[in-house]
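S.K.: Under the working numbering, think of the first position of the sequence shown as 15, with each following residue one higher. Built from N, CA and C at the ideal position, the CB exists for glycine as well. Bear in mind that the values here come from a model prediction, so they are computed numbers and not experimental data.
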Amino acid sequence: MATIANVTNPGAATPQPTDKQRRKVLISSFLGSTVEYYDFLLYGAAAGLVFPYVFFDDSIDPFVGMILSYVILFAGYLSRPVGGLLFGHLGDRYGRKNVLFVTLMIMGVVSIAIGLLPGYATIGIAAPILLVALRVIQGIAVGGEWAGATLMAAEHSKAGSRGFAASIAVAGAPAGAVLSTLVLALFAGLPEDQFLSWGWRVPFLLSAVLVIIGLYMRYSLTESPEFEEARRAGQTATGVPMKRIFTVYPKQTIFASLTIAAPLFMQALLAVFVVPFVVQSGAIERQDALMLLTFSSFLHIFAIPAFAMLSDRFGRRRIMLIGVVISISLVFPMFMLFTSGNVWLIGLGFIVGNPIIQASIYGPVGAFLADKYAPEDRYTGVSVSYQVGSILGAGVAPIMSTWLVTLGNGWGSYNVATYFVVLCVIAGIGIIAVEKPKYNVPRKVVEAEPAPAPVG
Numbered sequence: 015m016a017t018i019a020n021v022t023n024p025g026a027a028t029p030q031p032t033d034k035q036r037r038k039v040l041i042s043s044f045l046g047s048t049v050e051y052y053d054f055l056l057y058g059a060a061a062g063l064v065f066p067y068v069f070f071d072d073s074i075d076p077f078v079g080m081i082l083s084y085v086i087l088f089a090g091y092l093s094r095p096v097g098g099l100l101f102g103h104l105g106d107r108y109g110r111k112n113v114l115f116v117t118l119m120i121m122g123v124v125s126i127a128i129g130l131l132p133g134y135a136t137i138g139i140a141a142p143i144l145l146v147a148l149r150v151i152q153g154i155a156v157g158g159e160w161a162g163a164t165l166m167a168a169e170h171s172k173a174g175s176r177g178f179a180a181s182i183a184v185a186g187a188p189a190g191a192v193l194s195t196l197v198l199a200l201f202a203g204l205p206e207d208q209f210l211s212w213g214w215r216v217p218f219l220l221s222a223v224l225v226i227i228g229l230y231m232r233y234s235l236t237e238s239p240e241f242e243e244a245r246r247a248g249q250t251a252t253g254v255p256m257k258r259i260f261t262v263y264p265k266q267t268i269f270a271s272l273t274i275a276a277p278l279f280m281q282a283l284l285a286v287f288v289v290p291f292v293v294q295s296g297a298i299e300r301q302d303a304l305m306l307l308t309f310s311s312f313l314h315i316f317a318i319p320a321f322a323m324l325s326d327r328f329g330r331r332r333i334m335l336i337g338v339v340i341s342i343s344l345v346f347p348m349f350m351l352f353t354s355g356n357v358w359l360i361g362l363g364f365i366v367g368n369p370i371i372q373a374s375i376y377g378p379v380g381a382f383l384a385d386k387y388a389p390e391d392r393y394t395g396v397s398v399s400y401q402v403g404s405i406l407g408a409g410v411a412p413i414m415s416t417w418l419v420t421l422g423n424g425w426g427s428y429n430v431a432t433y434f435v436v437l438c439v440i441a442g443i444g445i446i447a448v449e450k451p452k453y454n455v456p457r458k459v460v461e462a463e464p465a466p467a468p469v470g
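#1: Where does the unbroken alpha helix (DSSP H) through H170 begin, and where does it stop?
#2: For F309, which option in C438, G90, V366 has the closest C-alpha, if you only look at C-alpha atoms?
#3: Suppose the cutoff is 8 Å on Cβ atoms and the five residues either side in sequence are ignored; what does the same chain contact list for P76 look like?
#4: Apart from the five residues on each side of it in sequence, which residues of its chain come closer than 7 Å, Cβ to Cβ, to T267?
#5: What does a CB cutoff of less than 7 Å around G102 pick up in its chain, not counting 5 residues either side in sequence?
#6: Count the other CB atoms within 10 Å of the CB of V113; is the residue buried (16 or more) or exposed (fewer)?
#7: Taking just the CA atoms, how far does P290 sit from A63?
#8: Am I right that G407 and I274 are in contact with their C-beta atoms under 8 Å? What's the rounded C-beta distance?
#9: Let me know the alpha helix (DSSP H) ranges lying completely inside the stretch 262-304, each 4 residues or longer, listed in chain order.
#10: Locate the alpha helix (DSSP H) running through F218, then write down its first and last residues.
#11: Given this structure, state the Cα-to-Cα distance separating I298 from S194, to the nearest angstrom.
#12: From which residue to which residue does the alpha helix (DSSP H) around A179 run?
#13: Is there contact between the stretch 277-295 and the stretch 364-379, where contact requires at least three CB pairs shorter than 8 Å?
#14: Leaving out five residues before and five after I333 in sequence, what residues of the same chain have Cβ atoms less than 7 Å from its Cβ?
#15: Mind pulling the alpha helix (DSSP H) runs of 4 or more residues that sit fully within the stretch 294-356?
#16: So the alpha helix (DSSP H) G239 belongs to, where does it begin and stop?
#17: Please list, in chain order, all residues of the same chain as I340 whose beta carbon is under 8 Å from its beta carbon, the five residues on each side excluded.
#18: Using the beta-carbon count (16 or more within 10 Å), is F328 buried or exposed?
#19: Out of V85, H170, A135, M166, state which residue places its alpha-carbon closest to the alpha-carbon of V150.
#20: Looking at C-alpha atoms only, which residue of H314, V292, A60, A199 is the closest neighbour of I182?
#21: Go ahead and pull the three-state DSSP assignment for A388.
#22: Counting only the same chain and skipping the five closest in sequence on each side, list residues whose C-beta sits under 8 Å from that of S295.
#23: Could you have a look at T117 and say whether DSSP puts it in helix, strand or coil?
#24: Express the C-alpha separation of P188 and T48 in angstroms, rounding to a whole number.
#25: Under a three-way DSSP split, which group does D75 fall into?
#26: Please go through the same chain and pick out, in chain order, the residues whose beta-carbon is closer than 6 Å to the beta-carbon of I318, but skip the five residues on each side of it.
#27: Pop quiz: G213 and F201 are said to be a contact at Cβ under 8 Å. What is the actual Cβ separation, rounded to whole angstroms?
#28: Would DSSP call W425 helix, strand or coil?
#29: May I have the straight-line CA-CA distance separating M348 from F115, to the nearest angstrom?
#30: Once you ignore the five residues that flank G203 on each side, which residues in its own chain have a CB closer than 7 Å to its CB?
#31: Cβ of A163 within 9 Å of Cβ of G46?
#32: Can you list, in chain order, the residues of its chain with a C-beta nearer than 7 Å to that of I1? Leave out the 5 residues immediately preceding and following it.
#33: Are the CB atoms of L144 and I154 within a distance shorter than 9 Å?
#34: Compare the C-alpha of R330 against each of L284, F382, S343 and name the closest.
#35: Going by alpha carbons, who is nearest to E243 out of G228, H170, Q208, V439?
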């Protein structure tokens, strides 16, 4: 395999991006990731609140309809590693920039299509079938998005700030959650018949505006300097991507996937399971629950870079292991807050879950994954490890949580907390067991110099 080596020939080095280019990449990565997760998480929020009543026969029990909606949600997660392999390989071979443009466009088209999709009452069984198809396509696009946006930010970063730079793209996920839940909450205030007939569709259609902004930003980006250096050295991706990742980087990929399952479980748990859970308990109205989730997601945007900056200073492993301890310590109190029946305590539960538990492990994860792979394999490797972890964590979260609650005899939520503790222990093992970074030092590059003035 071609390994990363510091370039010793200055004449062959790739010019380092300017501060202006770095800022543009960070903003674009953040906005693009925000748009992607606005679309993707919008489905998650609607899965428990809307889709059981729109895309399934009225004769089906609402609880069964909710489970079926979660199964379709899981289908989207299953397709994400496919997107990770496809777009990851293209990104490692042809560059990050063009691939990210395509993934964003696909996400936007699919989200609009979901917003226009007729319900079961109009087209019958074709409604849930088409919903599954759109969800799978959406998952494929998301499978190539997260790694690409994160790597563009990390690979443009200055020395010593790789974790912070990568976290700006990562923070786009809660920003997308803020937008999706806020917009959905505004329309959830409509009378129920109007919300279920047309109100829920508007947030999906509004994504067109965000997509246009994101595409404009991505069109004008510079390519990753580390990818450009790999291309100059003739070290772009070749061969079968899956075989390469699991033969050259087996330990990194397996343990990295196990590491991120816990924070991604918490992410999906709060967005998809807890909102309908607290609403159905009768303690809080649907709109209020969505607004509380929105506020916690807003705080989450700033918590992710904060933990990432700590990882730049004190090391990824140390900060993420501290995050594991924090998560295990606070998950049972978090569920006590959710089952308190008090609106303010439920709001505090969302704050404990998002900007504290989830961010403490998730904040440094962008650079943590990027450091495990050489540039010529990095897009594929990060995509696969993240998306496999996403299936193990976020993909099963709604179904697993719903099942565990039914087993509890009044204590079911604590079964969910226990399951999360197990995931945290596995994450801790993964953080310790995965190899130390081999590729966290960027290739040698030189500052861009102005062209010499013409003579004569």
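M.R.: Taking the coordinates as given:
#1: Counted from its first residue, the sequence shown places residue 170 at position 156. Per DSSP, H170 belongs to no alpha helix (DSSP H) and is neither H nor E.
#2: Locating residue 309 in the sequence shown gives position 295, where the first residue counts as 1. Nearest of C438, G90, V366 to F309, Cα basis: V366.
#3: Position 62 of the sequence shown, counted from the start, is the residue given in the question as residue 76. Hits under 8 Å: P66, Y67.
#4: By 1-based counting over the sequence shown, the position of residue 267 is 253. If we look at T267 and ignore the five residues flanking it on each side, its Cβ neighbours are I259, F260, G395, V398, S399.
#5: Stepping through the sequence shown from its first residue, residue 102 is reached at position 88. So the list reads G158, A161, P255, Y393, T394, S397, V398, once near-sequence residues are dropped.
#6: Here residue 113 is taken as the residue at index 99 of the sequence shown, counted from 1. The residue in question, V113, is buried, as its Cβ has 16 or more Cβ neighbours within 10 Å.
#7: Within the sequence shown, residue 63 is the residue found at index 49, counting from 1. Within the sequence shown, residue 290 is the residue found at index 276, counting from 1. In the sequence on display, residue 63 carries Leu and not Ala. Whole-angstrom Cα-Cα distance: 7 Å.
#8: Position 393 of the sequence shown, counted from the start, is the residue given in the question as residue 407. Position 260 of the sequence shown, counted from the start, is the residue given in the question as residue 274. Confirmed, about 7 Å.
#9: 264-282, 289-294
#10: Residue 218 sits at position 204 when you count from the first residue of the sequence shown. Taken as a continuous stretch (DSSP letters only), the alpha helix (DSSP H) holding F218 covers 215-233.
#11: For this step, residue 298 is matched to residue 284 along the sequence shown. For this step, residue 194 is matched to residue 180 along the sequence shown. Answer to the nearest angstrom: the Cα atoms are 19 Å apart.
#12: On the sequence shown, position 165 is the one that residue 179 refers to. Residues 176-184.
#13: yes
#14: Against the sequence shown, residue 333 aligns to sequence position 319. So the list reads F321, L324, S325, P378, once near-sequence residues are dropped.
#15: 300-328, 330-352
#16: Residue 239 sits at position 225 when you count from the first residue of the sequence shown. Here residue 239 turns out to be Pro, not Gly, going by the sequence shown. Here the alpha helix (DSSP H) through P239 covers 239-246.
#17: Translated into the one-based positions of the sequence shown, residue 340 becomes position 326. So the qualifying residues of the chain are I370, I371, S374.
#18: Residue 328 sits at position 314 when you count from the first residue of the sequence shown. When all chains shown are included, F328 counts as exposed.
#19: Counting from one through the sequence shown, the residue named residue 150 turns up at place 136. If we check each option's Cα against that of V150, V85 comes out closest.
#20: Stepping through the sequence shown from its first residue, residue 182 is reached at position 168. Taking only the C-alpha atoms, the option nearest I182 is H314.
#21: The residue you call residue 388 lines up with position 374 of the sequence shown. Looking at A388 - three-state DSSP - the assignment turns out to be coil, as it is neither helix nor strand.
#22: To locate residue 295, count along the sequence shown from 1; it is residue 281. Cβ within range, chain order: T353, G355.
#23: Numbered from 1 along the sequence shown, position 103 holds the residue referred to as residue 117. DSSP places T117 in helix when its eight states are reduced to three.
#24: For the purposes of this step, residue 48 is taken as the residue at position 34 of the sequence shown. For the purposes of this step, residue 188 is taken as the residue at position 174 of the sequence shown. So the two alpha carbons sit approximately 8 Å from each other.
#25: Along the sequence shown, read from residue 1 onward, the residue named residue 75 stands at position 61. Here D75 sits in coil by DSSP.
#26: The residue you call residue 318 lines up with position 304 of the sequence shown. Same-chain partners within the cutoff: S181, V184, A185, A373, G377.
#27: Position 199 of the sequence shown holds residue 213. Position 187 of the sequence shown holds residue 201. 4 Å between Cβ atoms; contact.
#28: For this step, residue 425 is matched to residue 411 along the sequence shown. If DSSP states are grouped into helix, strand and coil, W425 belongs with coil.
#29: Position 334 of the sequence shown, counting from 1, holds the residue named residue 348. Position 101 of the sequence shown, counting from 1, holds the residue named residue 115. Straight-line Cα distance between these residues: approximately 39 Å.
#30: For the purposes of this step, residue 203 is identified with residue 189 of the sequence shown, where counting begins at 1. Here the set comprises Q301.
#31: For this step, residue 163 is matched to residue 149 along the sequence shown. For this step, residue 46 is matched to residue 32 along the sequence shown. Yes; because the gap between Cβ atoms is below 9 Å, this pair is in contact.
#32: A query on residue 1 cannot be resolved here, the shown segment of the chain reaching from 15 to 470 and no further.
#33: For this step, residue 154 is matched to residue 140 along the sequence shown. For this step, residue 144 is matched to residue 130 along the sequence shown. Cβ atoms of I154 and L144: not closer than 9 Å.
#34: By one-based count along the sequence shown, residue 330 stands at place 316. When each option's Cα is compared against that of R330, the closest is F382.
#35: Numbered from its first residue, the sequence shown carries residue 243 at position 229. Ranking G228, H170, Q208, V439 by Cα distance to E243 puts H170 first.
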